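Everything below concerns the one structure shown next.
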Amino acid sequence: MLVVMRQDATEGHVESVCAAIKAMGFQPVPMPGAQRTAIGLIGNDGQVDGSHISGMDGVAQVLYVTKPYKQVSREWKQENTIVTIAPGVSFGGDTVPVVAGPCSVENEESILATARAVKAAGATALRGGAFKPRSSPYSFQGLGEAGLKLLALARQETGLAIVSEAMDEGQAELVAEYADCIQIGARNMQNYSLLKAVGKMRKPVLLKRGLSATIVEFLLSAEYLLAAGNTQVILCERGIRSYDSIVRNVFDVSAIPVVHQLSHLPIVADPSHGTGVRAHVPAMARAAVAAGADGILIEVHPTPDRAWSDGAQTLSTAQFDGLMPELRAIATAIGRTL
Ligand code: PEP
Ligand code: MN
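If you read the sequence shown in the working numbering, its first letter stands for residue 118, the second for the next number, and so on.
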């Protein structure tokens, strides 16, 4: 339920409505807006009866949020949420940041070379995994804290913002110390303990869609983060499993406009995991910008064929350099900048 206050409502009116919501056993969340204040009600997972509130002084309208997710819905908040992970790197506004980097952080030479190259091409954030969720326990698992230190070094040298993945609460605390944004990967989208823990942190989060998650499940996972108090959430479409093995995943470009309709949160696209095939990454990156993605995540490596993970879907720095002007032109065509 959402109580929209009149433009001339006083602070006293807002307080009285909050008290009435508390008396119903729920938590009021006042949201002052440019025009008027709205007060959300959380704590319920079904319909509540707010008829007595609609008659209170200062109340313009009582609206019911009909979706299973509340705080992430457009019904709850109409204007786009803008998530800023570092000065000048914001998702959800007119600019479309590009986040690039290797699947895994490997060594100082390689991460610095990648950082310099993607920065020169126009990326504003560097992404690299220090903790890797690998399908096989025998595959490279990431450098851990040493990898985070290398990312911090790359930030110091290039000024790029840093995004890196955490798979559990302890890793999230460590990633938060070194990075500007914590990635929750596809395999952990429904790790509710992790979502609750990261929800309590005050660090921007990049939440990837699960391998077989519906959009409603995806938004409910984001709801866990907001329900725990973290509103700095960037969603990420990274492709879903299907029956056709010719590509690694099926990149669901339709998720971008669908999420924009259902939620105020920004949604970025990861065409690298979205296809799993290097040759198809540029086309899907272009499609994602055209569809309105609020950012693009691309795996880039100086020598992709020698990358320690996900080489087959990784662009070379030269390929990335060639793609950026195309993405920029598409962004310009739809009134955005990249
Ligand atoms: C990654 O970002 O390298 C990764 C493991 O992605 P996902 O969680 O989307 O599979
Ligand atoms: Mn990867």
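Glycine included, C-beta positions come from ideal geometry on N, C-alpha and C. Owing to the predicted nature of the structure, the values given are computational and were not obtained by experimental measurement.
Taken through DSSP and simplified to helix, strand or coil, ILE363 comes out as coil. Taking 7 Å as the cut-off, the beta carbon of SER207 is found no closer than this to the beta carbon of GLY246. Sorted by chain position, residues whose beta-carbon lies closer than 5 Å to a non-hydrogen atom of the ligand MN are CYS220 and ASP427. Distance between ILE299 and ILE447, taken at the CA atoms: about 28 Å.
Taken from the Cβ of HIS418, every heavy atom of the ligand PEP lies 6 Å or farther away.
Collapsing the DSSP output to three states places PHE208 in a strand. In this structure THR231 touches HIS418 by the C-beta definition: roughly 6 Å separates them, less than 8 Å. As the crow flies, the alpha-carbon of GLU282 is around 29 Å from that of ILE159. In the structure shown, GLU340 falls within a helical segment according to DSSP collapsed to helix, strand and coil. Contact between ALA314 and ALA289 is confirmed by a C-beta separation of about 6 Å, below the 8 Å threshold. In the structure shown, GLU282 falls within a strand segment according to DSSP collapsed to helix, strand and coil. Within the same chain, Cβ atoms closer than 7 Å to the Cβ of GLY209 are found at ASN197, THR198, ILE199, VAL200, PRO383 and ASP411, the five residues on either side in sequence being excluded. Taken atom to atom, the span from the alpha-carbon of ARG191 to that of VAL292 is near 30 Å. Per the coordinates, the alpha-carbon of HIS381 lies some 31 Å from the alpha-carbon of THR275. The residues VAL200 and PRO321, in chain order, have a CB closer than 6 Å to that of GLN349 in the same chain once the five nearest residues on each side in sequence are set aside. Under DSSP, HIS418 forms a beta bridge with SER433.
Apart from sequence neighbours up to five positions away, the residues of its chain that approach PRO147 with a beta-carbon distance below 7 Å are VAL131, CYS135, THR154 and ILE156, ordered along the chain. In the three-state DSSP reduction, THR231 falls in the helix class (H, G or I). Looking at the backbone, the Cα of GLY346 and that of ILE228 are separated by about 33 Å. Here the region 325-342 makes contact with the region 294-310; the two share three or more CB pairs at distances below 8 Å. Going by C-alpha positions, LEU444 is about 30 Å away from GLU334.
ARG355 has its alpha-carbon roughly 14 Å from the corresponding atom of HIS397. Between ALA177 and MET122, the beta carbon gap of about 6 Å places them in contact (Cβ cut-off 8 Å). Around the CB of HIS169, fewer than 16 other CB atoms lie within 10 Å, so the residue is classed as exposed. Taking the Cα of ARG319 as reference, the smallest distance to any Cα among VAL376, ALA386, LEU343 and ILE332 is reached at LEU343.
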